[in-house]
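Here's the structure, in structure tokens; my notes come after.
In the numbering used here, the protein residues as written are 3 to 169.
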């Protein structure tokens, strides 16, 4: 899929990749969702399917935080307060821990809910707001949203397909 350049393309990419992700996740046996047999986001680590969903949820909730801060005229601390871009493995580990107490089904529901909040945020903005000006360094708001929604959904699909073939 081409990199989205408009609001409509961004919405389509998110919907398409999220639906693919849900189809793949639905084929994962419940008994395997907590097995730490997937390559983790930090070097030399393992994660579970549940951890992968926690990672996606964490990033989606960060996107909402960024958009809400921006709308309120507050500075956005990219990627997250206390983390630098070269510490994303550590941030992934934080996401795994943050959502560990949730059941897998509750975590999936939370991911679906936050994805819908992102859709609402996108729908409330114009193409100009999303793609007409730089928002963070050399990236537009739309591109930053895509980097942390549709792209990771697609990446997760690849990871899961590879993992499902191996197990």
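From the three backbone atoms N, C-alpha and C, an ideal C-beta is built for every residue, glycine too.
Query raised in the report: In chain order, which alpha helix (DSSP H) runs of at least 4 residues are fully inside the stretch 114-150?
Result: 143-149
Query raised in the report: So which of 13, 4, 28 has the shortest CA-CA distance to residue 163?
Result: 28
Report task. Going by CA-CA distance only, name the one from 78, 95, 62, 148 that's closest to residue 110. Result -> 62
Query raised in the report: In angstroms, rounded to a whole number, what distance separates the CA positions of residue 48 and residue 148?
Result: 25 Å
Requested in this report: Drop a sphere of 10 angstroms on the beta-carbon of residue 4, count the other beta-carbons inside from all chains shown, and report buried for 16 or more, exposed for fewer.
Outcome: exposed
Report task. Flag this pair as yes or no: are the beta carbons of residue 23 and residue 143 separated by less than 9 Å? Result -> no
**Report entry** DSSP state of residue 104 mapped onto helix, strand, coil
**Finding:** coil
Query - CA-to-CA distance, residue 66 to residue 119, given in whole angstroms - result: 7 Å
Query raised in the report: Using the C-alpha atoms, what's the distance from residue 32 back to residue 134?
Result: 44 Å
Query raised in the report: Straight-line CA distance for residue 129 to residue 150?
Result: 18 Å
Query raised in the report: Roughly how far, in whole angstroms, is the beta-carbon of residue 40 from the beta-carbon of residue 58, given that I think they are within contact range, below 8 Å?
Result: So it is not a contact: roughly 13 Å between Cβ atoms.
Report task. Please state whether DSSP places residue 20 in a helix, a strand or coil. Result -> helix
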